């Protein structure tokens, strides 16, 4: 009876995820346009680009669906502008057509940015800190190259990567990533601990997507070596081995990026079939992500971020999903809840005030809530746990910097146990 009651509660707590997905599609679905507007074409003979500093004009030109001179629909011109914005290299983008000329005027950001973040935890061991550097516009092509050192999950982590942008309609974008992690594993109501070390890499291909189609697809090949050290408080020795996996991802993308007021929505589904060699363990995973911006005024937006994910596990908690303050619910203990399945939602009401040219101050009210099913140290499943918080924050947004701001959030966790947290970062929480 108790198990049935917990399952019913879990299903009810998953209901908001389904409702928010349906609401997002209804709110952001583009109304049907009259046929004469949809089919209206413009003859474009020349392309004029102004405002670029380091970005190559060819980087923008190759975002077009076909070479100039040609005829373009108004929908294609709008999509061309969206792709320029989504490069995240410009804090102003204006696209206009006149007498056969397509004019693009942009204001370029500084593209070399630090990666810095800090989140306090319930103890010094559980803090999260990151330092690194990323160039968002390598060679003026919109390619990212970066590296970072991160202390999280009670251990050091190192990542390096190079990644092409995915907005060219005529190529497969590639990303290569290498990583090392050494993470301390612990559990609620248990003295069991160990260190999980991984070193590996990823190779990702992002498919070109046609103008007028929001469908995007990509695939990632992933491999890592996993070693377990300093295991204590458990009766069974956890195995070492190699993981190999293939990660296909499908995205429905109607999202328009903006520093202050994003709009539209994006839904992404990842299926992660994989196998842990040497231990004969399947390591499958599925993840559904949803992001939406609902502009309420020219400077106010309601932001919604939802994640639902689960793993197929052979009683090995080294293969799990993790929820805490770093990703999930601000104020929830980090590095503690390693779960078989989880879902969470982040709601933020953001309102911005322009305080100077290319500077804005943004106030935020937020609430995060979720539900998760933790593993024990033996790999068995606990009952579902619900969590919710309320909070407020402020962001200082220099729009001339790429993906960089100052964020301070105060969160009051209400469940499963009261806790308060001040979180700092130099990017939005999502």
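In the numbering used here, the protein residues as written are 22 to 451.
Where is the CB? At the ideal position from N, CA and C, for every residue including glycine.
Source: prediction; values computed, not measured.
- Beyond the five residues adjoining it in sequence on each side, residue 321 comes within less than 6 Å, by CB distance, of 372 in the same chain, given in chain order.
- For residue 131, no beta strand (DSSP E) encloses it, and the DSSP letter there is neither H nor E.
- When DSSP states are grouped into helix, strand and coil, residue 80 belongs to the helix group.
- Take the alpha-carbon of residue 218 and the one of residue 404: they are about 28 Å apart.
- If one requires a minimum length of 3 residues, the beta strand (DSSP E) runs lying completely within the region 160–193 are 164–173, 176–184, in chain order.
- For residue 371, the uninterrupted beta strand (DSSP E) run begins and ends at 358–377, by DSSP.
- Bridge pairing for residue 206: 215 [DSSP].
- It is roughly 23 Å from the alpha-carbon of residue 121 to the alpha-carbon of residue 189.
- If you look at residue 96, you'll find it in the alpha helix (DSSP H) that goes 95–107.
- Contact annotation: the region 94–111 touches the region 157–172, with at least three C-beta pairs closer than 8 Å.
- Here residue 147 carries a helix assignment [DSSP, helix/strand/coil].
- Leaving aside the five residues that flank residue 128 on each side, the residues in its chain whose CB is nearer than 7 Å to its CB run, in chain order, 72, 111, 112, 113.
- A Cβ-Cβ contact shorter than 8 Å links residue 269 with residue 292.
- Judged by DSSP secondary structure, residue 438 falls outside any beta strand (DSSP E); it is assigned neither H nor E.
- Note on geometry: alpha-carbon atoms of residue 366 and residue 201 lie some 29 Å from one another.
- The Cβ-Cβ distance between residue 169 and residue 152 falls below 8 Å.
- Residue state for residue 404 is assigned as coil, using DSSP reduced to three classes.
- Straight-line measurement puts the Cα of residue 221 at about 15 Å from the Cα of residue 177.
- With 16 or more other Cβ atoms from the protein chains shown falling within 10 Å of its own Cβ, residue 277 counts as buried.
- Per DSSP, the continuous beta strand (DSSP E) segment holding residue 380 begins and ends at 380–395.
- By DSSP's assignment, residue 430 forms a beta bridge with 414, 444.
- In chain order, 61 place their CB closer than 6 Å to the CB of residue 95, counting only its own chain and leaving out the 5 sequence neighbours on each side.
- In the structure shown, residue 72 falls within a coil segment according to DSSP collapsed to helix, strand and coil.
- For residue 451, no beta strand (DSSP E) segment is defined, and its DSSP state is neither H nor E.
- In this structure, the alpha-carbon of residue 260 lies about 7 Å from that of residue 249.
- Within 10 angstroms of the beta-carbon of residue 401 lie fewer than 16 other beta-carbons, which makes it exposed.
- As DSSP reads the structure, residue 272 sits in a beta bridge with 237, 289.
- By the criterion of a C-beta distance shorter than 7 Å, residue 64 is surrounded in its chain by 92, 121, once the five residues flanking it on both sides are discounted.
- For residue 125 against residue 89, the beta-carbon gap comes to about 12 Å, at or over 8 Å, which does not count as contact.
- Here DSSP, grouped into helix, strand and coil, assigns residue 197 to strand.
- Distance check between residue 87 and each of 231, 447, 145 places 231 closest, using alpha-carbon atoms only.
- Residue 223 is bridged by DSSP to 198, 243.
- Judged by DSSP in its simplified three-state form, residue 326 adopts strand.
- In this structure, 324 is the residue among 207, 324, 445, 346 with its C-alpha nearest to the C-alpha of residue 283.
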